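**Q** One structure is given below, represented as C-alpha cells, and several questions about it will come after.
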Amino acid sequence: MPSKAKTGKKLVIVESPAKSKTIAKYLGEGFIVEASIGHIRDLPQPSELPAELKKTSVGKFAVDIENDFKPYYVVSSDKKKKVAELKAQLKDADALYLATDGDREGEAIAWHLLEVLKPKVPVYRMTFGEITKEAIHRAMDNLRDVDQDLVDAQETRRVLDRLYGYEISPVLWRKVARGLSAGRVQSVVTRMVVDRERERMAFKAASYWDLTGQFGAGSASFKAKLAAVDGTKVASGRDFNDNGELTSRNVVHLHEELATTLAAGLQDADFRVRSVETKPYTRRPTAPFTTSTLQQEAGRKLRFSSKSTMQVAQRLYENGYITYMRTDSSALSNEAITAARRQASELYGPEYIPASPRVYSGKAANAQEAHEAIRPAGDSFRTPAQVAKQLSGDEFRLYELIWKRTVASQMADAKGSTATIRLGAVAVGGAAAGRDAEFSASGTVITFPGFLAAYEEGKDESRGDDESEEARRLPNVAKDDALTASEIIAVGHETSPPPRFTEASLTAELEKKGIGRPSTYASTISTIQDRGYVRKQGSALVPSWIAFSVVRLLEQHFKDYVDYEFTADMEADLDKIANGQAAGPTWLKHFYFGEDASSGLLSIVNNLGEIDAREINSIPITDGITLRVGKFGPYLESSVAVVDPETGEVIESARANVPEDLAPDELTPAKAIELMETAAPEERLLGADPHTGHTVVAKNGRYGAYVTEIIPEPTAEQLANAPVEYYKNGKPKPPKKPVKAKPRTGSLFASMSVETITLDEALQLMSLPRVLGQDGDGNPITVQNGRFGPYLKKGTDSRSIGSEEEIFTITLEQALEIYSQPKQRGARAAVPPLAEFGPDPVSEKNIVVKEGRFGPYITDGVTNITVPRTTALEELTREQAVELLAEKRARGPVKRTTTARKAPARKAAAKK
C-alpha cells in the first residue's frame, strides 16, 4: 500500500473556538486550528450502557470495578459530528498537535482525543500558559508527549466522583428527599456552611461597655478609647467566648452603670499624656493572583461571584489578555518580573521598585506549582488604558484588577510610622470619684506609599471591635502634656456571632484546609446553590434546612466522607497519582473495597443499618417545638398533642410553615413560638358539596391558600361490584387498582383567607374555568384565574380582565366586546418598578426591579436577569442586584440556534 502523500498541513486541536481563533493568528500558514469544544467523551449513565454490559461488573457505575476500575467511555451524542470533522481534518494532516490546557483536565482531553482519533501521523503535546505570539513559539520549541500520570490522576478523580455520588446519593433520596446529590467536595463544602450556621445558632451574645472621648492638643484633636480602669485592661469583644462568657483573666468587665458613672466623673477631669510610643511601619505587597485569590478579590472589590469571575477570566485568557486562569502558583516568569518592574518604574518612578525582584511561592495546602500566576499576557504588559476599547465592562474591570495586582507585586514596600498615645485622668465627683481611667489612640501615617500607589488588597468581614488605624494622623504630643477632653460618652456593645461565609471567604477557607482544587471552587459553590443547599442573602451564604438534614445524615453514617482532614488527605493522595508516586487503580480499590482494618465505601453502604428518616429530618428548636424537613419544605411541629374539647380525641399536633426567607439562625425559640401562635389553620372544614356529597376544605399550602374536595376511597362493596374483565381463555383478570379521581381545586383570591372563606365561595372557585358561552363561529369562551391574573380564553386567544372578582360577574356580551377590540401588546399603562437600586457601576444606568411575564426581574435597561426563586424580593439588596447583572453580562448574549433554509436545487441547463 503506497504511503500517504505529504500535504504540509498540521492539525492543531484546542478546547474552545475562541482559543482556536487567537492561536491561528500566531501559527500562520500550514496550520489548521480546530476546537474540540471541551471533552469529546465521558462516562455514560448506567442506563445508557449496552444491554450485554448492564449485568456485568461495569453495569452499576459504567466503571469495571472488578478489573482495575477501568472506565467505560462513550463519545457524547452531541460530539459525534465534531469527532467526524476532526477525523476528516486529520486525514489530510502530516502531524497532530494537541494544544489543550496544561492542567489535568486539559491533559485528559488530549488523551481522549488521542484514543478516539487514533492518528497515524506524528503526535505532539503542546502547552502554553498564555496565548501570545512569543508563548506559542516557545511552546512549539518545547513539545512533549501526553503526560500519562496527569491523565491517570484526572481519570481517578472522575471514577472516584462517580463511586461517591452513585453510592451515597441514593441514601439521601430514600431518607431526605428525591433529587438530592452527594459529592466528594460538594458535600464537605455544604457541611462547612452548615457548621458556620450552627455556630451562629448556638452563639450567645455578651454585653459590655466602654468609653470614647474626643481629646485636644492645641488646635488638633483626636479620638481615643478607654483601655484600662485602675490599671486593669477593659474587656472587649475578643475577651468573651461564643457562649457569652468572659474568658480572659485580669480584665475589668464594664457594665452600663459603671460605664455611665465613670463617663460622668471624667467630664471635668484633668487629662494628660502618659506615654507616646512610635514604631516604624512596613507593609509588603501581596503575591500575584492564583485562581483562589483572584476569585476572593474579585468578590470583594468587583462584587463578582466565583462563577462570574472564572467566566470573565476564561474570555480574557482565550483572547490573549491574561495568562491561564486555573493555577495554584503565585510565581512569575523572569519575563513577567522584568515587565512588571519596568512598568512600575515607568509609571511611578524608579524609587518605587526594590533593588532585587520579589519571588513568591505557594503557601496553600496541596499547592501545585505547575503554572505561573495569573497576570497580564505577554513579555511586556498592556496597561488597562491600552485595552479599554477592546474589552467589555466586566472584562476591563477584571483585567485592571489583575494588572494592578501583578505590577504592585514587584513594587517597593509601603513605609510609615505607627504611633500609640496613652492618656489618662482620675475621675472627680460622683460614684466613680478617685477611679483612674486610661485611654489609648493609635494611628499609622504612610510616608512612602510604595506598592499602595498601585493596589491595596480587600478584606473580608471579621469579628472584633477594633477600628482601623490606617491613615489616622495623631497630633505631635509629649509625655505629661495637658489635653482638653470633650464628648466622653459610654458606649454599649454586644459580641457578634461568627460571620457567615461569603463566596470569597469560603474560597479562602477551602484553600486553607486543602479541600478540593481551586480550579473547581467556582463550580462547587455554584452547585451547592443550584441544588438548594445554600442561598445568597446579600453576599452571605445561608444554608437551607434541607442542607442541615443532608449534613446530619452524612455525619452520622458517612463520617469520614465529610471530614475536613480526610477530604484534604484524599486530595493529597490524588496529587501523588498526578506526580507518579501512586497508582490510581490501587488507590480506588482501597477507597471502595477497603483493606485490612480499613472499611471501604462499599462496606459502609452495605452495613448502614436502619436510618431513622424522621430523626434525621428533625431539629429541636425549643421545648415542645421541633423543626421538621418535609416533602414540601420545612415546618414547625408542636410535640404537645391537641385534644378536641368536645370528643376528647387527640388531634394531629399543631404545625406552622417556616418562611422561606428566614435564615436558620433567625429561627430562635421566641420566633418559633411566635410562628406557632400566629399560624393560620392548616385545614378548615367548610362543609359538604350539596351535589356530590364530598367534603370541602380550605388549606394553607406551600404556594398559597386553596380549596379542594376530599374524594372518599371506594368501599369494599363498590370494589366487589366493579365490572370483571376476562382473558381470551375465559379466565377472569385480577381486579385492577381503582383509578383515583382527581379532586377539584381552586386558589383563593387575594381578598380571601382560609379563616373567612365560605362554602359557597369555595364551590365557586372549584367550578372554574367558567363557561360564558360561544362567539358567532361557535368557539367557546371561558373565564379563569391564572398565574398572571384573571383572563378570558377563546381557543388560543387570551385576554386579560380587570380583577379576580370579575371572574364571576363578567357576561358573554362583555367578553365579546373585549374580543371585538384589537389585542393590546405592550400598550398597557406604565407600571412603577417594584424596587430601585440606583445606577449600575458598569452601565451607569438605573437598576430597577420590574414585574415580568415569568416573575420579577432586574434590569438596567441593557441587561435583564430574573430574580432567583430562592431570593425574596424584600430581601434583595443593591449588592445582590449588581452581582446578578454582572453574572448575566459575564455569560454573554444567549446563542440562538437557527436552522438554515435549504437553497432550492438548481435546474439543469437546457441542452442546445
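Each residue of the sequence shown is one higher than the one before, counting from 345 in my numbering. Ideal Cβ placement from N, Cα and C applies to all residues, glycine included. Since this is a predicted model, take the numbers as computed values, not measurements.
What number of angstroms, rounded off, separates the C-alpha of Q640 from the C-alpha of P1134?
**A** Taking the straight line from one Cα to the other gives about 47 Å.
**Q** Should the region 696-704 be called in touch with the region 671-680, which here means at least 3 C-beta pairs below 8 Å?
**A** Contact between the region 696-704 and the region 671-680 is present, because at least three Cβ pairs lie under 8 Å.
**Q** Could you work out which residue in L606, G860, E831 is closest to V772 when comparing CA atoms only?
**A** Nearest of L606, G860, E831 to V772, Cα basis: L606.
**Q** Which residues bound the alpha helix (DSSP H) around I921?
**A** Where I921 is concerned, the enclosing alpha helix (DSSP H) stretches over 908-922.
**Q** Please tell me whether L767 and S784 are closer than 9 Å, where the distance is taken between their beta carbons.
**A** Cβ distance < 9 Å, so L767 and S784 count as in contact.
**Q** If you draw a straight line from the C-alpha of L355 to the C-alpha of D436, how long is it?
**A** Straight-line Cα distance between these residues: approximately 9 Å.
**Q** Please check the pair H456 and R385, which I expect to be a contact at CB under 8 Å, by giving their CB distance rounded to whole angstroms.
**A** That belief holds up - the Cβ atoms of H456 and R385 are roughly 5 Å apart, short of 8 Å.
**Q** Given a cut-off of 9 Å, decide if L494 and A922 are closer than it, judged by their beta-carbon atoms.
**A** The answer is yes: Cβ separation under 9 Å.
**Q** Would DSSP call I453 helix, strand or coil?
**A** I453 falls in the helix class under three-state DSSP.
**Q** With a Cβ-Cβ cutoff of 9 Å, do G722 and A683 count as a contact?
**A** In contact: G722 and A683 (Cβ atoms closer than 9 Å).
**Q** Thinking C-alpha only, which one of P1183, Y417, R741, H1035 is nearest R1222?
**A** Closest by alpha carbon: P1183.
**Q** Could you tell me which uninterrupted alpha helix (DSSP H) segments, each at least 4 residues in length, are contained entirely in the region 960-987, listed from first to last along the chain?
**A** Segments of the alpha helix (DSSP H) lying fully in the region 960-987: there are none.
**Q** Between the region 754-770 and the region 587-601, can you find at least three pairs of beta-carbon atoms closer than 8 Å?
**A** In short, these stretches do not touch, since the Cβ pair count stays below three.
**Q** In its own chain, which residues sit with a C-beta less than 8 Å from the C-beta of R1172, not counting the 5 before and 5 after it?
**A** Confidence at R1172 is low in this model, with a pLDDT of 46, below 50, so the placement of that residue is unreliable and no value is reported for it.
**Q** Hey, quick one: how far does the alpha helix (DSSP H) through S636 stretch, first residue to last?
**A** Where S636 is concerned, the enclosing alpha helix (DSSP H) stretches over 635-646.
**Q** Flag this pair as touching only if the region 875-886 and the region 504-516 have three or more C-beta atom pairs under 8 Å; answer yes or no.
**A** In short, these stretches do not touch, since the Cβ pair count stays below three.
**Q** With a floor of 4 residues, list each alpha helix (DSSP H) that falls wholly inside the region 1056-1125, ordered by position along the chain.
**A** Here the runs fully enclosed are 1060-1064, 1103-1110.
**Q** Using the C-alpha atoms, what's the distance from L1019 back to R999?
**A** Answer to the nearest angstrom: the Cα atoms are 9 Å apart.
**Q** Determine the burial state of Y979: buried for a count of at least 16 other Cβ atoms within 10 Å of its Cβ, exposed for fewer.
**A** So Y979 counts as buried.
**Q** From the DSSP output, in three-state form, read off F902 for me.
**A** DSSP places F902 in coil when its eight states are reduced to three.
**Q** Let me know if V1083 comes out buried or exposed under the rule of 16 or more other beta-carbons within 10 Å of its beta-carbon.
**A** V1083 is exposed by the Cβ-count criterion.
**Q** Between the Cα of S619 and those of K398, F740, E899, A769, spot the shortest distance and give me the residue it belongs to.
**A** The shortest C-alpha separation from S619 is found at A769.
**Q** With a 10 Å radius around its C-beta and 16 neighbouring C-beta atoms as the bar for buried, classify L818 as buried or exposed.
**A** With 16 or more Cβ atoms within 10 Å of its Cβ, L818 is classed as buried.
**Q** Among the residues of its own chain, which have a CB less than 6 Å from the CB of S551, if the five just before and after it don't count?
**A** Excluding sequence neighbours, S551 sits near E838.
**Q** Less than 9 Å between the beta carbons of E782 and G575, yes or no?
**A** Yes, they are a contact pair.
**Q** Whole-angstrom Cβ separation of L1178 and P1200, contact assumed at under 8 Å?
**A** So it is a contact: roughly 6 Å between Cβ atoms.
**Q** Once DSSP output is grouped into helix, strand and coil, what is the label at P720?
**A** Strand, per DSSP.
**Q** Please state whether DSSP places Q1281 in a helix, a strand or coil.
**A** The structure shown has nothing for residue 1281, since the chain only spans 345 to 1256.
**Q** Does the region 564-572 come into contact with the region 534-545, if we say contact requires no fewer than three beta-carbon pairs (one atom in each stretch) closer than 8 Å?
**A** The region 564-572, when compared against the region 534-545, does not touch it at the 8 Å Cβ threshold.
**Q** What's the gap between the Cα of M669 and the Cα of Q658?
**A** Computed Cα separation, rounded: 7 Å.
**Q** Buried or exposed for L1092, going by 16 or more other Cβ atoms inside 10 Å?
**A** Buried, by the Cβ-count rule.
**Q** In the DSSP output, which residue or residues are listed as bridge partners for P1013?
**A** In the DSSP output, where bridge partners are listed per residue, P1013 has none listed.
**Q** Rounded to the nearest angstrom, what separates A549 and S840 at their Cα positions?
**A** Looking at the two C-alpha atoms, the distance is approximately 7 Å.
**Q** If you follow the alpha helix (DSSP H) that V538 is part of, which residue opens it and which one closes it?
**A** From DSSP, the alpha helix (DSSP H) with V538 extends over 530-546.
**Q** Return the chain-ordered list of same chain residues with a C-beta closer than 8 Å to the C-beta of A362, the five sequence neighbours on each side being excluded.
**A** If we look at A362 and ignore the five residues flanking it on each side, its Cβ neighbours are R659, E662, N663.
**Q** Does the distance from the C-beta atom of R535 to that of A957 stay below 9 Å?
**A** Going by C-beta atoms, R535 is not nearer than 9 Å to A957.
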